[in-house]
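Participant:
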Amino acid sequence: MQNDVVLTMRGICKQFPGTRALNNVDFTLRKGEIHALMGENGAGKSTLIKVLTGVYEKDGGSIHVDGSEKEAHIRSPQDAQKIGISTVYQEITLCPNLTVAENMFIGRTGDRIVHWKEYEKKTAEILNSLGIPARPRQELSRCSLAVQQMVAIARAVDMQCKVLILDEPTSSLDEKEVEMLFGLMRDLKRRGVGIIFVTHFLEQVYAVSDRITVLRNGELVGEYVVQDLPQVELVAKMMGKDLNDLADLEEVGRKSLSGSEVVYQAQGLSSTESRPFDFMIHQGEVNGFTGLLGSGRSESVRAIFGADRVTGGKVMVHGKPVRISKPYDAMKASIGYLPEDRKRDGIIADLSVRDNIILALQVMKGFFHPMSRSQMEQFADEYIKALQIKTASQDTPIGSLSGGNQQKVILARWLLTHPDFLILDEPTRGIDVGTKLEIQKLVLQLAEEQHMSVTFISSEIEEMLRVCSRLIVMRDRKIVGELTGSDLNQATVMKTIAGGEQ
Amino acid sequence: MSVLKSSGSVRRREPLTDAQLLMTISICIFVFMYAAAMLFLGGGFLKTQQLFDLLNDNAALIIISCALTIVMIGGGINISVGGVIGLTVMACALFLNTQGDGGPLSILLTFLLALGIGLLFGIGQGALISYLEIQPFIVTLAGMFLSRGLTTILSVNPVKVAHESFTELVKTKLQIPFLGYTAKNGNLIPAKLEIGAIVAVLIVLLVYLMLRYTRLGRNIYAIGGNQASALTLGINVKRTRFLSYVLSGLLSGLAGFVFLMHKPAGNASVAMRSEMDAIAASIIGGTLLTGGVGNVIGTFFGAMILATIQKIIALSPLNDSWWQEMANGAMLGLFIMLQSVVLSRRGKGRLTLPSWLKFRKE
Ligand SMILES: Nc1ncnc2c1ncn2[C@@H]1O[C@H](COP(=O)(O)OP(=O)(O)OP(=O)(O)O)[C@@H](O)[C@H]1O
Ligand SMILES: [Mg+2]
């Protein structure tokens, strides 16, 4: 065996009730390489990582560290940390009730006594050097999702490790933060750390990785050197078929709908989290809020839906004034909202996939008009197919789906309600390339055929440009521009976001 | 509102955490209630001795409330604490009576016996709960029945301690002259604090320090906040949970000994239903049933609030046990409502069911 290998996994198998998550998977990580682990939603990436770090017990196979022939016994994340494997899991796994500083240090120091002052000082230094806008003594639950993710990364990076695992670390980060993370990764790489990197952003893979391992349906497809694997081929390997749908989408096109009826209009709408703003959307229009993270784009749509406490403003739906002060009011007015933070606002882990899909529709219909079982099954089936949700059955609790598939279920929940006006905040985050395109197509189709109005938020400008016919640009919690027609191109959008013009 | 820049050395004041807020509320309510009692009932409440008596009479309750706060922060529950007090008191009383007129050594042995019983219960229940993953409610319910049963097996009849040195110990009190008062006949009567009360206050401080400054304490918060996260952060969740029950068992045994020092007699119904008071004290003090949030200083004031209610009712014309229970119930209801309102105002959503009340695992 070469001596530059830090980690070898051989013949790993893992079975969940009803799912074979990993079947005879091999994986090799070398010193000082960034190794991308790729695959569709539910391919088994997170499972492989959790087997490696002792969160799950493996059913078969062996793990070797540092090229040793002796098997490494990793029975808990604690063991993994001890032998120098540090991990950022896909779902944020920090404790919300502890402070930022504690989350940075708990579980990894040998001290029996907590040295608060010291931890806080070190944390302040780390936060400062990484430019993370948080305070050491802040309770973690009061930090935004992006900050929580940064804290998790900072913790992992700060540990003296041989292997660093990052499972979709960039899903809620903006471009600047991603750049910074890449800087950190390259730095660690120079110091000989092996890095496993999972993401659904193909550009990111090609920006930093040296090697790619592809999984499909729990099986190993192969290991490739980045230079030898063009993007199209990578996608083909992940999906098991070629992807030529991109062209279709361009043809659907976007059209301006300034003539049709105004479905929703707000004047001076404000909430506890957002400043007063004006907004309106036509029937069948797809528009979007864009801006950096923290620019107030999510807060604006939360105000529209009444998810934060509304503090003022006039709202008209179909030309009639209505009061929307809580989500239920919005749903009554046929407005749907897919929240950004699905863990907190969306997923009910104990309920089955079917119940999670039906939930919003049931609320809109009222609980006194129950749906028949067969109807529910039919609806659920339809969307499980449409969004390619990988689940053992409709009855599987949503908590046991892969991260991306949980997202799809929540998306299905809102699509199913067929609201007049649907707000989607980061609907494709954490979703694989193939399905991402499906979702974009579906959104355009709903607008075109069913005259649904959709407001779309995404950190990927390309995606926004593909689906939206009007972009509202925000900066520092203010609307700073509105782009339509020929202004809808990457350069203009970037310039407006950055503040090139007023 | 620009993005906050963190700067290394500045220690800004953070907004109150939920636990701190709820604790502050309970301290205020205690002060308010006590002041109202001084104003309207006067008499005893104007003397320091009254305050001390609250401590003297409720030392054991304060200690088991600490025990409950520990397990509740870890996301669990322990309803065997009252039963363990009962068993300890009975066992110790019987043991003392076999010791003839033995000196301090037999008292030390009794003390160790008390801790030993508590420890055994703690270890047994902790092992079942954390290593065999049986619901804590069920395990400690069994513990409660077991301890009560054992108590009656030891003796059906009340047992009075007839042990000279121990009776001396019971009578030993810390006398504080300058907090005393002058009786009608002109004698200065010093304020008296029992040993048990001092132990209880010490325990509150020790548990506070343990929860705030030791690795074990912080790990308990972490597993209560999010068990799955705690595991991935590298915390030994099972051991932490186990130790939290061992500690609560140990404290129950200690509470039994303290109880005996206050009332040196064993009896099948000693500390009956005190576990419920302890749970109430923890909740009133700001411990959430869902785990991860709580503070033992708050718990102390929670216990003092219950004690004050009891005193006020005893002094009022409504002196009946069911008035007492209703007042406690009303207080608890009020607090849970208050917590719910406070937390939802702060955007933390509703109070959800604690995991030990759920049937399915997450
Ligand atoms: N705890 C669990 N219980 C049951 N099944 C599970 C569990 N965790 C994962 N699975 C199943 O194992 C398969 C692989 O899931 P995994 O989370 O590894 O996918 P993934 O590649 O990380 O996908 P994603 O890109 O969506 O995160 C999925 O079919 C999923 O339903
Ligand atoms: Mg995953």
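These protein sequence lines map, in sequence, to chains A and B. Residue numbering for the first sequence is 1 to 502, as defined by our numbering. Residue numbering for the second sequence is 1001 to 1362, as defined by our numbering. We put the beta carbon where it would ideally sit given N, CA and C, even for glycine. Bear in mind that the values here come from a model prediction, so they are computed numbers and not experimental data.
Would you call the region 226 to 238 of chain A and the region 53 to 73 of chain A touching, i.e. three or more CB-CB distances under 8 angstroms?
Facilitator: no
Participant: So for Gly222(A), helix, strand or coil by DSSP?
Facilitator: Numbered from its first residue, the first sequence carries residue 222(A) at position 222. Note: Gly222(A) maps to strand in three-state DSSP.
Participant: Please return the same chain residues whose Cβ sits closer than 8 angstroms to the Cβ of Ala33(A), not counting the five positions on each side in sequence.
Facilitator: Working through the first sequence from its first residue, we reach residue 33(A) at position 33. It should be pointed out that residue 33(A) corresponds to Glu in this sequence rather than to Ala. Excluding its 5 nearest sequence neighbours in each direction, Glu33(A) has C-beta neighbours in its own chain below 8 angstroms: Lys189, Gly194, Ile195, Asp210 and Arg211, listed in chain order.
Participant: So, is the C-beta of Thr8(A) closer than 9 angstroms to a C-beta in chain B?
Facilitator: The residue given as residue 8(A) occupies position 8 in the first sequence. No, its Cβ sits nowhere closer than 9 angstroms to a Cβ of chain B.
Participant: Starting from the N-terminal side, write out each stretch of the alpha helix (DSSP H) that is 4 residues or longer and does not extend beyond the region 281 to 309 of chain A.
Facilitator: 297 to 305
Participant: So that I know if they touch, is there some Cβ in chain E lying closer than 9 angstroms to that of Gly1149(B)?
Facilitator: In summary, chain E is missing from the structure at hand, where the protein chains are A and B.
Participant: Identify whether Arg475(A) lies in helix, strand or coil by the three-state DSSP scheme.
Facilitator: For the purposes of this step, residue 475(A) is taken as the residue at position 475 of the first sequence. Reduced to three states, the DSSP call for Arg475(A) is strand.
Participant: Kindly indicate which three-state DSSP category Thr87(A) falls into: helix, strand or coil?
Facilitator: Locating residue 87(A) in the first sequence gives position 87, where the first residue counts as 1. DSSP places Thr87(A) in strand when its eight states are reduced to three.
Participant: Does the distance from the C-beta atom of Gly1086(B) to that of Met1272(B) stay below 9 angstroms?
Facilitator: Here residue 1086(B) corresponds to residue number 86 of the second sequence, with the count starting at 1. Here residue 1272(B) corresponds to residue number 272 of the second sequence, with the count starting at 1. Yes, the Cβ-Cβ distance between Gly1086(B) and Met1272(B) is below 9 angstroms.
Participant: Closer than 7 angstroms from C-beta to any heavy atom of ligand 2: which residues, in chain order?
Facilitator: Qualifying residues, in the order they occur: Lys45(A), Ser46(A), Gln90(A), Asp167(A), Glu168(A), Val198(A), Ser402(A), Gly403(A) and Gly404(A).
Participant: What are the partner residues of Gln1099(B), as DSSP defines its beta bridges?
Facilitator: As a first step, residue 1099(B) is located in the second sequence; it is residue number 99 there, counting from the start. The partner list for Gln1099(B) (beta bridge, DSSP) is empty, contrary to what the question assumes.
Participant: Beta carbon of Glu40(A): closer than 8 angstroms to some heavy atom of ligand 1?
Facilitator: The residue you call residue 40(A) lines up with position 40 of the first sequence. Checking every heavy atom of ligand 1 against the Cβ of Glu40(A), one is found closer than 8 angstroms.
Participant: Report, in whole angstroms, the separation of the C-beta atoms of Ser1252(B) and Gly1102(B), which I expect to be a contact under 8 angstroms.
Facilitator: Translated into positions along the second sequence, residue 1252(B) becomes position 252. Translated into positions along the second sequence, residue 1102(B) becomes position 102. Contact flag wrong, Cβ pair sits at about 25 angstroms.
Participant: Please list the terminal residues of the continuous alpha helix (DSSP H) segment that includes Glu175(A).
Facilitator: Working through the first sequence from its first residue, we reach residue 175(A) at position 175. From DSSP, the alpha helix (DSSP H) with Glu175(A) extends over Glu175 to Arg190.
Participant: Taking contact to mean at least 3 C-beta pairs separated by less than 8 angstroms, is the region 350 to 369 of chain A in contact with the region 306 to 317 of chain A?
Facilitator: no
Participant: How many angstroms separate the CA atom of Val1130(B) from the CA atom of Lys162(A)?
Facilitator: As a working note, residue 1130(B) is residue 130 in the second sequence. As a working note, residue 162(A) is residue 162 in the first sequence. According to the sequence displayed, residue 1130(B) carries Ser and not Val. Using only the alpha carbons, I get a separation of about 32 angstroms.
Participant: Which residue or residues does DSSP assign as beta-bridge partners of His64(A)?
Facilitator: As a first step, residue 64(A) is located in the first sequence; it is residue number 64 there, counting from the start. Bridge partners of His64(A): Thr8(A) and Glu71(A).
Participant: I'd like to know if Arg1218(B) contacts chain A, where contact means its C-beta is closer than 9 angstroms to some C-beta of that chain.
Facilitator: Sequence index remark: in the second sequence, residue 1218(B) carries index 218 (1-based). For Arg1218(B), the answer is yes, since a Cβ of chain A falls inside 9 angstroms of its Cβ.
Participant: With 16 other CB atoms within 10 Å as the buried threshold, where does His115(A) fall?
Facilitator: For this step, residue 115(A) is matched to residue 115 along the first sequence. It counts as exposed.
Participant: Sorry if obvious, but does the Cβ on Asp432(A) come closer than 8 angstroms to a heavy atom of ligand 1?
Facilitator: What you label residue 432(A) is simply residue 432 of the first sequence in a count that begins at 1. Under cutoff, so the answer is yes.
Participant: In chain A, which residues lie less than 8 angstroms from Tyr1131(B) when you measure between Cβ atoms?
Facilitator: As a first step, residue 1131(B) must be located in the second sequence, where it is residue number 131. In chain order: nothing, as chain A lies at least about 14 angstroms away.
Participant: Against Tyr1221(B), what residues of chain A qualify as contacts under a CB-to-CB distance less than 7 angstroms, listed in chain order?
Facilitator: By 1-based counting over the second sequence, the position of residue 1221(B) is 221. Residues of chain A passing the Cβ test: Asn97 and Leu98.
Participant: Please name the residue in Thr496(A), Gly61(A), Glu179(A) and Tyr56(A) whose C-alpha comes closest to that of Gly291(A).
Facilitator: Numbered from 1 along the first sequence, position 291 holds the residue referred to as residue 291(A). Ranked by how close their Cα comes to the Cα of Gly291(A), the residues Thr496(A), Gly61(A), Glu179(A) and Tyr56(A) have Thr496(A) in first place.
Participant: Does the region 1241 to 1259 of chain B touch the region 91 to 101 of chain A, meaning 3 or more C-beta pairs lie closer than 8 angstroms?
Facilitator: A contact between stretches requires three or more CB pairs, one per stretch, nearer than 8 angstroms, and the region 91 to 101 of chain A fails this requirement with the region 1241 to 1259 of chain B.
Participant: Does the beta-carbon of Phe277(A) have 16 or more other beta-carbons within 10 angstroms, so that it is buried, or is it exposed?
Facilitator: Along the first sequence, one-based indexing puts residue 277(A) at 277. Phe277(A) should be labelled buried.
Participant: What first and last residue would you give for the alpha helix (DSSP H) that runs through Glu118(A)?
Facilitator: Here residue 118(A) is taken as the residue at index 118 of the first sequence, counted from 1. Segment Trp116 to Leu130, the alpha helix (DSSP H) holding Glu118(A).
Participant: Which two residues bound the contiguous beta strand (DSSP E) that contains Tyr1213(B)?
Facilitator: On the second sequence, position 213 is the one that residue 1213(B) refers to. Not the beta strand (DSSP E): Tyr1213(B) falls in the alpha helix (DSSP H), residues Ile1195 to Tyr1213.
Participant: Does Val1341(B) have its Cβ less than 9 angstroms from a Cβ in chain A?
Facilitator: Here residue 1341(B) refers to the residue found at position 341 when the second sequence is read from its first residue. For Val1341(B), the answer is no, since every Cβ of chain A falls outside 9 angstroms of its Cβ.
Participant: Counting only Cβ pairs nearer than 8 angstroms, list the residues of chain A close to Asn1236(B).
Facilitator: On the second sequence, position 236 is the one that residue 1236(B) refers to. The answer, in chain order, is Ser76 and Gln78.
Participant: Take the Cβ of Leu37(A) as the centre, count every other Cβ of all protein chains shown within 10 Å, and call the residue buried at 16 or more, exposed below.
Facilitator: As a first step, residue 37(A) must be located in the first sequence, where it is residue number 37. By the 10 Å Cβ count, Leu37(A) comes out buried.
Participant: For Thr1182(B), which residues from the same chain have a beta carbon less than 8 angstroms from its beta carbon, with the 5 sequence-adjacent residues on both sides left out?
Facilitator: Counting from one through the second sequence, the residue named residue 1182(B) turns up at place 182. The residues are Leu1188 and Ile1189.
Participant: Consult DSSP for His418(A) and reduce its assignment to one of helix, strand or coil.
Facilitator: As a working mapping, residue 418(A) is identified with position 418 in the first sequence. In the structure shown, His418(A) falls within a coil segment according to DSSP collapsed to helix, strand and coil.
Participant: So which residues of chain A does Gly1074(B) contact, with C-beta pairs closer than 8 angstroms?
Facilitator: Sequence index remark: in the second sequence, residue 1074(B) carries index 74 (1-based). In chain order: nothing, as chain A lies at least about 12 angstroms away.
Participant: With three or more C-beta pairs closer than 8 angstroms as the rule, is the region 1260 to 1279 of chain B touching the region 1315 to 1324 of chain B?
Facilitator: These segments do not touch.
Participant: Comparing the CB of Ala1418(B) with every heavy atom of ligand 1, is any distance shorter than 8 angstroms?
Facilitator: Because chain B spans 1001 through 1362 in this model, residue 1418(B) falls outside it and cannot be assessed.
Participant: Of all the alpha helix (DSSP H) runs that stay within the bounds of the region 1148 to 1176 of chain B, which reach a length of 4 or more residues?
Facilitator: If only complete runs of 4 or more residues are kept, the region 1148 to 1176 of chain B shows the alpha helix (DSSP H) at 1164 to 1171, in order along the chain.
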